[in-house]
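With the first letter of the sequence shown counted as 1, position 83 gets the number 81 in the numbering used here; the numbers rise by one all the way through.
Here a beta-carbon is modelled for each residue, glycine too, at the ideal position from N, C-alpha and C.
Worksheet: one structure, shown below.
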Amino acid sequence: MISRSRAILAVAVVFSLKAVPANAMADHDSTSIVATIDRFHAALGAADSGAVRSLLSDDVIVLESGSLETRAEYLSHHLGGDIEFARAVPSQRKLVRVNRNGSTAWVTSTSITTGNFKGRAINSDGAELMVLTKLNGKWKIRAIHWSSARRQPTAPAN
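See below:
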């Protein structure tokens, strides 16, 4: 015969096992979402246009500098410049927030980019918003919005 304490322990273990996968799934999805964005940026830095293509949905839109580009437009004439820039100028990205609602996620991040590009000094603050959708078990980028501004010089310490 099972003692009362063992029965209670068994029930507690069963309920805790059922609770863990739901939390683990949420954590796994957040990790997968961020990993998709990290792979996108790594692909730009590695000049891997095939990897970039594989991470973008067929209907992705890219918003930057006041314009909107479709996937075809981005891949045909903008991607090359983004790869060239990413390889030449280091950027430090900081994840701000990951939000998820079902199969849709949106991620905000900021960055500081400093270096030289084609003879021009770069020192800018950036903001990025990416919207992703889980399609066939994989997160795909559906929208990208980038904005940047020159960094303001810091005042010297007194």
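Same chain, Cβ closer than 7 Å to residue i, neighbours up to 5 away in sequence not counted
i	result
ILE120	VAL87, THR111, THR112, GLY113 and ASN114
PHE83	PHE115
VAL96	SER28, ILE31, VAL32, ALA103 and VAL105
Backbone secondary structure at residue i - three-state DSSP
i	result
THR108	strand
ARG69	helix
ARG51	helix
ASP46	coil
GLY117	coil
GLY100	coil
THR29	helix
Outcome for residue i when other beta-carbon atoms lying within 10 angstroms are tallied against a minimum of 16
i	result
THR159	What is shown of the chain runs -1 to 156, which leaves residue 159 out entirely.
LEU93	exposed
ALA45	exposed
ALA33	exposed
ALA22	Low per-residue confidence applies at ALA22: pLDDT is 37, beneath 50, and the placement is therefore not dependable enough to give any value.
LEU133	exposed
Nonlocal neighbours in the same chain, by C-beta distance under 6 Å from residue i, ignoring five residues either side
i	result
HIS39	none
ALA125	THR108 and SER145
VAL60	GLU67, TYR72 and ILE142
HIS75	none
Beta carbon of residue i nearer than 7 Å to that of residue j
i	j	result
LEU66	SER47	no
LEU130	ALA147	no
VAL182	ILE139	For the chain, the structure presents residues -1 to 156; residue 182 sits outside this window and is missing.
TRP144	GLU71	no
LEU127	THR106	yes
ILE81	LEU42	yes
Which residues DSSP lists as bridging residue i, in chain order
i	result
VAL94	Paired residues: none, contrary to the question.
ILE139	LEU54 and LEU130
GLU62	SER65 and TRP144
ILE35	ILE35 pairs with nothing; no bridge assigned.
ALA40	For ALA40, which the question treats as bridged, DSSP gives no partner whatsoever.
GLY124	SER109 and SER146
SER89	THR111
Contacting residues, own chain, Cβ-Cβ under 8 Å from residue i (five flanking each side not counted)
i	result
GLN150	none
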